[in-house]
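Only one structure is covered here, and it is reproduced in the block below.
In full-length UniProt numbering, the protein residues as written are 1 to 417.
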């Protein structure tokens, strides 16, 4: 097997005149191993002649390098090839894309799998990865990197923002619950701690002793915030629980902590409502998403659209299953017959939301519920999770048709005959 030498040259020390003489009027591939700052790129011709293995610091040296490659070498055609590495390569990709240079992507797993067969050594480092990327691209194992549409990027931003607010809300609600167990244990026995009325009360007074001192004002506040939904007997029970509290008395700093948590919970609740409002507006602008939201719910619909894009772009339901990691795989050899399992190659977040969608459908859709119960019974009462995955796969196939304007009909997906 041929021995490979990986010698990097700093971009600031390169003889560009020599590089131009080798690359002029030729098709050139620039194959990049992406990092946060220390990038490595291989300049190689389309017929596999290695010109230079260079390194540079991003973003300090990036613009000069891009300008040099695009305008200073006189190449016939330049193609850039990269691995998807989170967000680290996005700036470089954008700089080439806006100059009209095609950018291709090579999957991280093919690069990893090629490590030993490339040079007989199982190690993998930046320089070697750049060479492997070049080889995979030359063999046709790359795909043109498609820019994410602005609409999908907007949905991704909304889902990320909602997730941030909800995570903060859950974390602070748990913190507040722990404090209530010490200072006001009776409150959660009377009303849910996530109630806006309760959070407003705690943000104003913090402790049961303060509620007792300002009982009339507290009663007025509960009536104003709770309105029709907080019944009189519930309001009286909350006020009485403050009188009866066995909790540890708070010092001023602890009271301030409770108030701060309650205020932040109100803020994150309001922020989540605002994000969901923007999500609803995005749904109205797309008829296909509106139809899907009738099946999945607004948030799940937005999450799926943010991750998968327009479902109409998938050629068939099987390709949608594959994108979600719900296609099946098997590992069998000789006498060993492996079990069918889903690949889980797609987005885990999308499967998470689909899982809860399926849980709701199993409870509320009679056709799906009956099919699920029969499936569990056939498996001897075990493997309920496996039955849920089977339901999920069928529901996804139905969503593919819904995206094309058809009505969701569970009787077409689940045969009860």
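Ideal Cβ positions, reconstructed from N, Cα and C, are used throughout, including at glycine.
Buried or exposed by the 16-neighbour rule on C-beta atoms within 10 Å, applied to residue i
i, result
"residue 372", "buried"
"residue 1", "With a pLDDT of 47 at residue 1, under the threshold of 50, the modelled position of this residue cannot be trusted, and the question is left open."
"residue 208", "buried"
"residue 353", "buried"
"residue 236", "exposed"
"residue 385", "exposed"
"residue 50", "exposed"
"residue 301", "buried"
"residue 229", "exposed"
"residue 250", "buried"
"residue 419", "Here the chain comprises residues numbered 1 to 417, so residue 419 is not present and cannot be evaluated."
Cα-Cα separation, residue i to residue j
i, j, result
"residue 42", "residue 149", "30 angstroms"
"residue 21", "residue 68", "14 angstroms"
"residue 255", "residue 156", "38 angstroms"
"residue 348", "residue 357", "14 angstroms"
"residue 167", "residue 273", "14 angstroms"
"residue 12", "residue 38", "14 angstroms"
"residue 248", "residue 241", "14 angstroms"
"residue 328", "residue 290", "30 angstroms"
"residue 221", "residue 171", "26 angstroms"
"residue 333", "residue 340", "14 angstroms"
"residue 191", "residue 264", "19 angstroms"
"residue 233", "residue 398", "47 angstroms"
"residue 123", "residue 52", "21 angstroms"
"residue 17", "residue 44", "16 angstroms"
"residue 271", "residue 193", "18 angstroms"
"residue 7", "residue 127", "8 angstroms"
"residue 118", "residue 159", "41 angstroms"
"residue 278", "residue 154", "10 angstroms"
"residue 244", "residue 400", "57 angstroms"
"residue 162", "residue 280", "13 angstroms"
"residue 377", "residue 335", "28 angstroms"
Three-state class that DSSP yields for residue i in the structure shown
i, result
"residue 29", "strand"
"residue 372", "helix"
"residue 23", "helix"
"residue 444", "Since the first residue shown for the chain is 1 and the last is 417, residue 444 is missing from the structure and cannot be characterised."
"residue 34", "coil"
"residue 310", "coil"
"residue 41", "strand"
"residue 153", "helix"
"residue 80", "strand"
"residue 175", "helix"
"residue 69", "helix"
"residue 333", "strand"
"residue 418", "Residue numbering for the chain in the displayed model covers 1 to 417; residue 418 lies beyond these limits and cannot be assessed."
"residue 6", "coil"
"residue 211", "helix"
"residue 103", "strand"
"residue 14", "coil"
"residue 201", "helix"
Assumed close pair residue i, residue j - CB separation to whole angstroms, cut-off 8 angstroms
i, j, result
"residue 321", "residue 396", "6 angstroms"
"residue 105", "residue 145", "5 angstroms"
"residue 81", "residue 115", "That belief does not hold up - the Cβ atoms of residue 81 and residue 115 are roughly 17 angstroms apart, past 8 angstroms."
"residue 176", "residue 262", "7 angstroms"
"residue 143", "residue 32", "With 8 angstroms as the limit, residue 143 and residue 32 do not qualify as a contact, their Cβ atoms being about 16 angstroms apart."
"residue 418", "residue 305", "Residue numbering for the chain in the displayed model covers 1 to 417; residue 418 lies beyond these limits and cannot be assessed."
"residue 75", "residue 26", "6 angstroms"
"residue 418", "residue 29", "The chain is shown from 1 up to 417; residue 418 falls before or after that span and cannot be answered."
### Query
What residue ranges within the segment 213 to 255 form continuous alpha helix (DSSP H) runs of no fewer than 4 residues, ordered along the chain?
215 to 226, 232 to 244
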